[in-house]
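Asks: In this note's numbering, the protein residues as written are 60 to 167.
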Amino acid sequence: MKTKREVILWKEKCRILWTGVNMAEDIQAKLEKYRTAPFDARFPNQNQTRNCWSNYVDFHRCQKALEGKGADTAPCEWYRRVYKSLCPMAWVQKWDEQREEGNFPGKI
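#1: Can you give the Cα-Cα distance for C146 and Q105, rounded to whole angstroms?
#2: Can you tell which of V151, R101, G161 has the C-alpha that lies nearest to the C-alpha of F118?
#3: Just verifying my parser: in three-state terms, what is the DSSP assignment at F102?
#4: F102 and R94 look like a contact to me (Cβ under 8 Å); what is the Cβ gap, rounded to whole Å?
#5: Using a 10 Å radius around the Cβ and a threshold of 16 neighbouring Cβ atoms, would you call N162 buried or exposed?
#6: Which same chain residues, not among the five before or five after W165, have their C-beta less than 6 Å away from its C-beta?
#7: Assuming Y142 and C111 make a contact with CB atoms under 8 Å, what is their CB distance in whole Å?
#8: Could you tell me the boundaries of the alpha helix (DSSP H) in which R140 lies?
#9: Nearest to S113 by alpha carbon, out of G127, A124, R139?
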């Protein structure tokens, strides 16, 4: 017969093992869904700055156009995934701030 302390330790070990399995499954699911930006013939070089910029602007143009028509903006998600894959977060944050302030240099 196990003591109360042994039962508590056993339950804790089971909880840790179960949590580890769930975390591993979550990570595996995220990796399966992970997609990098596909090749774009307009940007064949290593420097992907223009590709990043273009997809950021295209995403916001697409959203603006579809929201203006009252349509679903789901088709725009492809542009969002690509720019999120290519662009440094600091750039995206800066561009978002510029759009909110009304001094974003791109035409949206």
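Think of the CB as a built atom: it goes at the ideal place given N, C-alpha and C, for glycine as much as any other residue.
Replies: Judging by the given coordinates:
#1: Rounded to whole angstroms, the separation of the alpha carbons of Q105 and C146 is 14 Å.
#2: Checked all of V151, R101, G161; the closest Cα to F118 is V151.
#3: Residue state, collapsed to three classes: coil.
#4: Distance from F102 to R94 at the Cβ level is roughly 17 Å; contact not present, criterion being Cβ atoms closer than 8 Å.
#5: So N162 ends up on the exposed side.
#6: A quick correction: the sequence has Gly, not Trp, at residue 165. If we look at G165 and ignore the five residues flanking it on each side, its Cβ neighbours are V116.
#7: About 6 Å separates the CB atoms of Y142 and C111; that is less than 8 Å, so the two are in contact.
#8: Bounds of the alpha helix (DSSP H) holding R140 are 136 to 145.
#9: Closest by C-alpha distance to S113, out of G127, A124, R139, is R139.
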